[in-house]
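For the sequence shown, this note's numbering begins at 73 and goes up steadily by one.
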Amino acid sequence: MEQTLVIFKPSSVQRGLVGEVLARFERKGLVIAGMKMMQLDEAILREHYAHLTDRPFFPILVESMTATPVIVMCLRGVQAISVVRSLTGATNGRQAAPGTIRGDFSMSNQENIVHASASAEDAEVELRRFFKPGEIFDYDLVGMRFINEPSELEL
Ligand code: IDP
Ligand code: MG
């Protein structure tokens, strides 16, 4: 099964949307494998958003992501990385499809509620960046049999 990183950005913490957004992930059938609050700083954001450090909006991105603590989460499930990305929607909330988290809760390119890992490679590196060994838990949900038919667990 895959594991992916989600960050509840300051926009979700400040707007009181953490519970509602987390409920979407839970109802989908994703397992919360790790979860904690953190204050991010420029150094970790320079690593996390290395592909964007040269962009003109990078200082705004740092300001926005350090404005208040965030909640980082590891979600686990069959093909969890692509499932979480599709629940999250397109980057710009004004263009994200209705029904997605950004499409339903965001009017912004920047204040777009959550981060979600984009690929298997990113997920692995990002989970190591934000979680220490022992902070991600391997356990089963009692109702797992009814989240995935057992043959799907090998996907
Ligand atoms: P993603 O979050 O959908 O994966 P990325 O292109 O990886 O999008 O960008 C990371 C974050 O940087 C976005 O979620 C958003 O907060 C911010 N960002 C990306 N492009 C822009 C932009 O053009 N203006 C302002 N902020 C941006
Ligand atoms: Mg990205």
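Beta carbons are placed, not taken as given, at the ideal position from N, Cα and C, and that holds for glycine.
- In this structure, the alpha-carbon of residue 223 lies about 18 Å from that of residue 155.
- Separation of residue 122 and residue 185 (C-alpha to C-alpha, rounded to the nearest whole angstrom) is 20 Å.
- Distance check between residue 217 and each of 102, 167 and 207 places 102 closest, using alpha-carbon atoms only.
- DSSP places residue 147 inside the beta strand (DSSP E), whose first and last residues are 142-149.
- Ranked by how close their Cα comes to the Cα of residue 111, the residues 135, 173 and 124 have 135 in first place.
- In the displayed model, residue 227 falls within coil according to three-state DSSP, outside both helix and strand.
- Per DSSP, the beta-bridge partners of residue 187 are 79.
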